[in-house]
Structures are given as C-alpha cells and as structure tokens.
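In this text, residue positions in the sequence shown follow numbering that gives the first Met the number 0: the first is 0, and each later residue adds one. In this text, a Cβ means the ideal position worked out from N, Cα and C, and glycines have one as well.
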Amino acid sequence: MRPSRTRLPTAISGPEITRSEIIRRAKSWLRPSVPYSQTSFHENEHGTYRTDCSGYVSMAWALPGKPSNRHGGLDTIGLAAVSSTITKSELLAGDVLLRVSGTNLERHVTIFDKWVDETGDAYWGFEQAGGVGTVHRILDYPYDDTPEMYWPVRYVAVV
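Next comes the structure, spelled out in structure tokens:
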C-alpha cells in the first residue's frame, strides 16, 4: 500500500516546522539514546511521546504527543495521513522512509538526514528501533532488506 499524494490541511497535522527543527528534535532522543518500546513513553523538552518509531517521528515533526494524543503520537498509518509521497531525488533532511503495510511489528518509519555520497545508495537516518533504541546510522536506500515496502514521504507542514 503506497501512501497518498493528497495534501491535508496543516490544521489536521500540527504546526509548521522547518527541516532544521525536525533534525534538532530528532537529535534530542540521542542524549542519551531512548530505549525502544511500543508501550512506554519518553518525556523531554519537546513533550511526552511513545518510544517506538512512529512516536519518535511524531515528536520530531512536532505532532501532538501526550496528553493531547493519549497514544503519544501518531502510528505509521497516521503519519502517512499527514504526509505526501515524494520521489527519491526530492528527499531532504526531515523527510521519512515509511512502510505502512503489514502488522504493527512490520510497519516502520525512519527519518532521512542526508545521503552518504552521490550514488544515493545509502543515507544517514535517525531511527527508533527494537534492540537499539534511538540511533543515527547509515541505512541502505530505501530501508535495508525490504526496499519494495518503503516510500519516501514529506510531512505536509514542513516549511
């Protein structure tokens, strides 16, 4: 299932946010690395969010966390609803690689930071994942071993 190209009104998502602010917020969970959990929450200067991949992106994109959203951010399907698909060549810092198919154990999202080199085969990404917590690491494009499942998308309120 490919995310829609439809753009939603900003009011449905969250406030406008710059790319540099997304990256600054993403880095905040690296001091220290936040452990991964689909049922736990992490609180810092940006609010309280669920400590899974979609909670992490919700925090980085400044989407409502807890208590505004009792779930501590959107899930991956919710993230697809506040973003639009883009092409690989359009990827910029703060965009994400998103998988919305499968179960909650298969869906995933990672934040694009920058290309490793001009080949576009790998990128630096921010990720909240089981077994590692929050990391900033090199990932194969679009996402390691399941490339057909991931789509590059852009948050509708990024400016």
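In its own chain, which residues sit with a C-beta less than 6 angstroms from the C-beta of residue i, not counting the 5 before and 5 after it?
| i | result |
| --- | --- |
| VAL33 | HIS41, THR50, GLY132 and THR133 |
| ASP139 | ALA121 |
| TRP28 | THR133 |
| GLU15 | ALA156 and VAL158 |
| TYR149 | LEU96, ARG98, PRO141 and TYR142 |
| ARG208 | What is shown of the chain runs 0 to 158, which leaves residue 208 out entirely. |
Assign residue i to one of two classes, buried (16 or more other C-beta atoms within 10 Å of its C-beta) or exposed (fewer than that).
| i | result |
| --- | --- |
| SER3 | Bear in mind that a pLDDT of 49 at SER3, under 50, signals an unreliable position, so the number given afterwards is only what the model happens to contain. The residue is exposed, with fewer than 16 neighbouring Cβ atoms inside 10 Å. |
| PRO151 | buried |
| GLY129 | exposed |
| ASP144 | exposed |
| TRP104 | Going by the sequence as given, residue 104 is Leu instead of Trp. Exposed: under 16 other Cβ atoms inside 10 Å. |
Do you know how far the Cα of residue j is from the Cα of residue i?
| i | j | result |
| --- | --- | --- |
| THR84 | VAL108 | 13 angstroms |
| ILE110 | ALA25 | 8 angstroms |
| TRP60 | ASP74 | 13 angstroms |
| LYS113 | HIS70 | 30 angstroms |
| GLY64 | LYS87 | 29 angstroms |
| LEU78 | VAL115 | 25 angstroms |
| HIS45 | GLU117 | 33 angstroms |
| THR38 | GLY54 | 10 angstroms |
| THR5 | LEU62 | Caution is warranted here: a pLDDT of 44 is assigned to THR5, below 50, making its placement in the model unreliable, and the coordinate value is therefore given only provisionally. Those two C-alpha atoms are separated by around 18 angstroms. |
| THR102 | ARG153 | 22 angstroms |
| GLU147 | ARG106 | 13 angstroms |
| TRP123 | VAL56 | 15 angstroms |
| GLN127 | MET58 | 11 angstroms |
Just tell me which of the options has its CA closest to the CA of residue i.
| i | options | result |
| --- | --- | --- |
| PHE125 | ILE137, PRO63 and ASN43 | ILE137 |
| SER67 | GLY13, GLY101 and SER82 | GLY13 |
| GLY119 | LEU78, TYR142, ARG98 and ARG106 | TYR142 |
| ASN43 | THR102, PRO31 and TYR35 | PRO31 |
| ALA92 | LEU104, ASN103 and HIS135 | HIS135 |
| ILE76 | SER100, TRP123 and MET58 | SER100 |
Below 6 angstroms, is the gap between the Cβ of residue i and the nearest heavy atom of the ligand FAD?
| i | result |
| --- | --- |
| VAL155 | Looking at this structure, you won't find the ligand FAD or any other ligand, since it has none at all. |
Apart from the five residues on each side of it in sequence, which residues of its chain come closer than 8 angstroms, Cβ to Cβ, to residue i?
| i | result |
| --- | --- |
| THR47 | PHE40, HIS41, GLY64, LYS65, PRO66 and GLY71 |
| THR82 | Before going on, a small fix: residue 82 reads as Ser here, not Thr. For SER82, where only same-chain residues beyond five positions count, the Cβ hits under 8 angstroms are PRO2, VAL95, LEU97, VAL152, ARG153, TYR154 and VAL155. |
Can you list, in chain order, the residues of its chain whose CB lies under 7 angstroms from that of residue i, leaving out five sequence neighbours each side?
| i | result |
| --- | --- |
| LEU90 | PHE111 and PRO151 |
| ALA10 | At ALA10, the pLDDT of 42 sits below 50, so the modelled position is not reliable; the number obtained from the coordinates is stated separately. Same-chain partners within the cutoff: there are none. |
| GLU20 | none |
| ASP94 | ILE85, PHE111, PRO151, VAL152 and ARG153 |
| SER36 | THR50 and ASP51 |
From the DSSP output, read off the bridge partner residues of residue i.
| i | result |
| --- | --- |
| TRP60 | Note: TRP60 sits in no beta bridge, so no partner. |
| SER32 | LEU29 |
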